[in-house]
Amino acid sequence: RAFEVMLVLWPHGAHKRPSLHVLHTEVPPLSARFALPWCLGTAGLFGPATAFAPVAAVVWTHQVRRQICRHSMSKRTAETLTSASTVAVREDDSMQGITVPHAEAPSTPRSLASAAVLAEAPNFEASEVQYMELRDAGKRLWEVTTAGKKLSDQILTRLQRSDMAGATSLQDSISNLPSFESALGASIWADAEQRVQLCCAKGVSTFLETFITCLCFQSFLQRGVLTAEVPGRWLVGAQDYDDELYLLGVIGAVREMERYAVNRGQDLDLRSVRVCLGVAESLEEVLMQFSFRNSDLRTRFDGVKYCVKRLQSLAYEIDLAHQRAAVTARTAKVPEVEGATAPAGIIPVIDLQFIAGIKMRYDLFDEGREQVMKQSRDVIKNAKNAIYALQRGDYKRADALLVSCAKDATDVHSRIISGYPRLRSGSFSNAMEEFVEALAYRAFRQDKRLLSMTQMQEAATIPFALSLPEYLGGVMDLTGEVGRLAIRSASHGRSARQDVEQCLACVD
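Quick note: the sequence shown uses the working numbering, first residue 52, plus one each step.
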């Protein structure tokens, strides 16, 4: 009674291959007229399924219908199979009904607009060379700071485990790393503003903060003194930047002290916990003398306050444990826990004179920062107004505003930024980008030329050098103003075709 049918289904389209299905079932003796329809119904493709699950992914087309009719299937049966398969395809095939056009190759891309329509266009080769030099120097510096940060994290782990020898060995490894000066190169290191910008961008802050934390925590464990001295080779040379990183590192050392106190608390070492508490309270009092703005220092200072509270709670709980032990033993003697002995002599845990010098420099830096932000807003405002004047064709007013921009920028740079290179980035750098954009737009609008970095420096009439990011940022912002000029010129019709072509050549 075993019956086997090999069913071949041809999908629609010559590029598709037919699918082969083998049906196994038990059937009564049937004539050839009804054998194929019965097997299809048994497989679940038509009528109730009497043997097993339906065959998956079967697509019925008119071609299949014709093949069925050739086997003497009734027309009604074939139409039923075709309609049922059409509904299944509509439900299962999400691409049904989508018309895709025939492939057709597009036209070739538009060639670069000829720079001949401009009076002068730079090739930016000098800027590219400078950019590559800064990129390579930044890559070398990043390698140093990444390795130093990894070693510093390992030092903190060794110190928490009382492995002083291992910590000292890792510090020697840090000393063998190239210094910041050797990583950046003599030429870049000599430029204080470029040096600070690269250090801020290439992980120096993260590395130095962790490294100073190691030095301060190790000094506390060995001598009970929190304020450690930082080797000169790991200083950036910008006093405000070094001071801020030092304060962040000292605060990080207090967090490590908290971890140390918790570990000592497991042995009920009340003396060590109280020593950590005294150091944390002293640092909190010292930092309260600062007027921190909304920055990382402010956030970390808030962490010191929570650290003091946790140490107070820890000391209280250990003291209670000692009292309970004394009552249980019927004695008032508190068991001594073996620990480090206090250093001989009277040494303050925090060098107050050193911290006072940091505070004085920090206040001056914060005051200068406020002045830079205010005068930078004036430069941005005048530069934008100069661009608006150039859009209207008012060259006289634009020139007067550009002169005012140069005067304000020179004043703020000579008085403040020359002493605090870190203030070059941020508000002042944004103002210089806007100034460069106004100068570039003036040169294009009046003389139909693009200025190179050397020409831009001459047009700015400022005594300090423009940085490469400021120049490139201003030139790239120029494309927006040129695009607006092209749209306005196009409103004049075909007579403005040359002006639009010049705008296109400028952007290209």
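We treat Cβ as the ideally placed atom computed from N, Cα and C, and that holds for glycine.
Separation of W193 and G254 (C-alpha to C-alpha, rounded to the nearest whole angstrom) is 6 Å. Take the alpha-carbon of E336 and the one of V330: they are about 10 Å apart. Judged by DSSP in its simplified three-state form, R306 adopts helix.
Counting only residues of its own chain and dropping the five nearest sequence neighbours on each side, V281 has a CB closer than 7 Å to the CB of I263, L266 and Y297. When DSSP reads this structure, E171 sits in a beta bridge with R500.
With distances taken between CA atoms, F416 lies nearest to Y292 out of A366, A451, D318 and Y292. Judged by their CB atoms, S427 and N481 are nearer to each other than the 8 Å cut-off.
Under the three-state reduction of DSSP output, I513 falls in the coil class, being neither helix nor strand.
Our two residues, W240 and L403, have alpha carbons roughly 32 Å apart in a direct line.
The C-beta of L371 has fewer than 16 other C-beta atoms within 10 Å across all chains shown, which makes the residue exposed.
Between the region 476–494 and the region 521–539, the count of C-beta pairs closer than 8 Å reaches three or more; the two stretches touch.
Check the Cα spacing between D559 and each of R209, R161, P152 and A156: the tightest is with R161.
Ranking I467, V423 and R493 by CA distance to the CA of R443 puts R493 first. One alpha carbon belongs to G316, the other to S323, and they sit about 8 Å apart. Taking 4 residues as the shortest admissible run, the region 164–231 contains the following complete alpha helix (DSSP H) segments, listed from N- to C-terminal end: 176–211 and 215–226. Assignment of I398 by DSSP, reduced to helix, strand and coil, places it in the coil class. Going by C-alpha positions, A172 is about 11 Å away from Q553. With respect to T257, D204 sits apart: the two C-beta atoms are not nearer than 8 Å.
Secondary structure at G148: coil, using DSSP grouped into helix, strand and coil.
When C-beta atoms of the region 236–252 are compared with those of the region 458–472, three or more pairs fall below 8 Å, so the two segments count as touching. Taking the CA atoms as reference points, F343 sits about 21 Å from F479. For the set V355, I438 and L210, the Cα lying nearest the Cα of F271 is the one of L210.
For E280, the secondary structure class from DSSP, reduced to helix, strand or coil, is coil. One alpha carbon belongs to Q181, the other to S213, and they sit about 48 Å apart.
Distance from the Cα of P229 is smallest, within the candidate group A198, M215 and S238, for A198. In the structure shown, E532 falls within a helical segment according to DSSP collapsed to helix, strand and coil. Residue state for D293 is assigned as helix, using DSSP reduced to three classes.
Within the region 450–500, the complete alpha helix (DSSP H) segments at least 4 residues long are 478–498, listed from N- to C-terminus. Between L202 and L185, the beta carbon gap of about 26 Å keeps them out of contact (Cβ cut-off 8 Å). In the three-state scheme derived from DSSP, where H, G and I count as helix and E and B as strand, L286 is classed as coil. The three-state secondary structure of S542, taken from DSSP, is coil. Q363 is the residue among N345, Q363 and Q290 whose C-alpha sits nearest the C-alpha of R325. In chain order, P173 place their CB closer than 6 Å to the CB of S503, counting only its own chain and leaving out the 5 sequence neighbours on each side.
Comparing C-alpha distances from T530 to each of E521, C557, S546 and T512 shows the shortest one belongs to C557.
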